[in-house]
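J.: In the working numbering, the protein residues as written are 1 to 290.
Positions of the beta carbon are idealized from the N, C-alpha and C atoms, including for glycine.
Predicted model, so just to flag it, every value in this text is computed and none were measured.
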Amino acid sequence: MTPTARTLAETVRLSGVGIHTGAPCEIALHPLEPTAPTQLPKRGLPTQIRFHANAHAFPARWNYIVDTTRATVLGDAAARISTVEHLMAALWFTGITHCLIELLRGAEVPILDGSAQPFVEAICAAGTRDIPLPEPRAFPAQSSSEPPVFQVRDGERFLALQLSGSTLFGYIELPPPLGVQAGAFSLAESRAQIAPARTFGFLHEVEALRQRGLALGGSLENALVINETGYYNPARFADEPLRHKLLDVLGDLYLCGAYLQAFTLVAVKPGHTLNAQLTCQLAQWLWTEA
Ligand SMILES: [Zn+2]
1 MTPTARTLAE TVRLSGVGIH TGAPCEIALH PLEPTAPTQL PKRGLPTQIR FHANAHAFPA
61 RWNYIVDTTR ATVLGDAAAR ISTVEHLMAA LWFTGITHCL IELLRGAEVP ILDGSAQPFV
121 EAICAAGTRD IPLPEPRAFP AQSSSEPPVF QVRDGERFLA LQLSGSTLFG YIELPPPLGV
181 QAGAFSLAES RAQIAPARTF GFLHEVEALR QRGLALGGSL ENALVINETG YYNPARFADE
241 PLRHKLLDVL GDLYLCGAYL QAFTLVAVKP GHTLNAQLTC QLAQWLWTEA
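1) Since Ala-292 contacts His-56 with CB under 8 Å, what's their CB separation in whole angstroms?
2) In this structure, what does DSSP give as the bridge partners for Phe-119?
3) Comparing C-alpha positions only, which one of Ala-125, Leu-40 and Thr-35 sits nearest to Ile-313?
4) Answer with yes or no whether the minimum CB distance from Ser-164 to chain C is below 8 Å.
5) I'd like to know if the segment 117-129 and the segment 90-107 are in contact, where contact means that at least 3 CB-CB pairs between them fall below 8 Å.
6) Please give me, in chain order, every unbroken run of the beta strand (DSSP E) with length at least 3 that falls completely inside the segment 81-119.
7) Should the segment 245-261 be called in touch with the segment 211-227, which here means at least 3 C-beta pairs below 8 Å?
8) Just how far apart, CA to CA, sit Leu-260 and Asn-54?
9) Considering Cα atoms alone, identify which of Leu-103, Leu-133 and Glu-189 is closest to Phe-58.
10) Rank Leu-112, Ala-160, Gln-48 and Leu-161 by C-alpha distance to the C-alpha of Arg-198 and give the top, closest one.
11) I need the residues with a C-beta less than 5 Å from some heavy atom of ligand 1; please give them in chain order.
12) When DSSP labels each residue in this structure, what does Arg-70 get in the three-state scheme?
13) Evaluate the contact criterion for the segment 237-246 versus the segment 186-206: three or more CB pairs, one atom per stretch, below 8 Å.
14) Using only alpha-carbon positions, find the residue among Gln-211, Gly-201 and Gly-217 that is nearest to Ala-235.
15) Can Asn-222 and Gly-114 be called in contact, C-beta distance under 8 Å?
16) In or out: Ser-190 buried (at least 16 other Cβ within 10 Å) or exposed?
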């Protein structure tokens, strides 16, 4: 069976504030015709997702991650683009493997409502197009070896990924009264169960972040805010922060350069730095010839 790539049927533009800079940002998602891949990953479909900023292009791949402090920032010496994770998750949710993301204004992907849902809706409204993936120029030697269980740890934080099954397990701890949030979600239902979960923040941290020049665009329109009594504005799910943490992992994992449909993920107190480490470990296995 010929593998099938998926791109957008037409260009979509999205604009809004950047959560970290507070400045207006605009992106365009353009269809991208697949070209013959030079290499195939050991599992999944090779993606061609590229960012274009300041007349400079770079791939949406793990080896272009330049910062993971508050968001995932991609770039190189010539250009940078911040907060790519919710858009990357939306591309994964909709199965888009080929896309050119043009930064038209600002230095960030707009935060929109703080979740992946507006990106998913815009992609669905534009429609998608499935195209047979051109044959690679040379077939690399495929390894028959089973993938390992990928694992990264930092103190109490832990991530594990197995390339079979279809479940996301998550665990986080929030201050009382919210406390522990833990749960399991099916990958098949993740577009409905995970994509709408918004970024969250703590009311007492907002001032500290703003003093560091961060979260300047954060507001009740694009974040779930937590204070000492619980949720400050209405939550979409009782465990919305847990679901959002899993959304971030999915977006960061999609920087591995391959579209994977079947996996099991265990995420205990995940964060962008650890997510990036897991993605690097996965990518090294996917793209290193055995
Ligand atoms: Zn996020």
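T.: Taking the structure as given:
1) Residue numbering for the chain in the displayed model covers 1 to 290; residue 292 lies beyond these limits and cannot be assessed.
2) If you number the sequence shown from 1, residue 119 lands on position 119. BP columns for Phe-119 are empty, so no partner.
3) Given that the chain is displayed from residue 1 to residue 290, the structure contains no residue 313 and the question cannot be resolved.
4) No chain C is part of this structure, which consists of one protein chain only.
5) yes
6) 98-105
7) no
8) Taking the sequence shown and counting its residues from 1, the one referred to as residue 260 is at position 260. Taking the sequence shown and counting its residues from 1, the one referred to as residue 54 is at position 54. Answer to the nearest angstrom: the Cα atoms are 30 Å apart.
9) Residue mapping note: residue 58 aligns to position 58 of the sequence shown, counting from 1. The residue with the shortest Cα to Cα distance from Phe-58 is Leu-103.
10) Walking along the sequence shown from the start, residue 198 turns up at place 198. Cα-wise, what sits closest to Arg-198 is Leu-112.
11) Thr-199 and Asp-248
12) Translated into positions along the sequence shown, residue 70 becomes position 70. The answer is coil: DSSP assigns Arg-70 none of H, G, I, E or B.
13) yes
14) Start at 1 with the first residue of the sequence shown, and residue 235 comes out as number 235. It is Gly-201.
15) Position 222 of the sequence shown, counted from the first residue, corresponds to residue 222. Position 114 of the sequence shown, counted from the first residue, corresponds to residue 114. Yes, the pair counts as a contact, with Cβ atoms nearer than the cut-off.
16) Start at 1 with the first residue of the sequence shown, and residue 190 comes out as number 190. When all chains shown are included, Ser-190 counts as buried.
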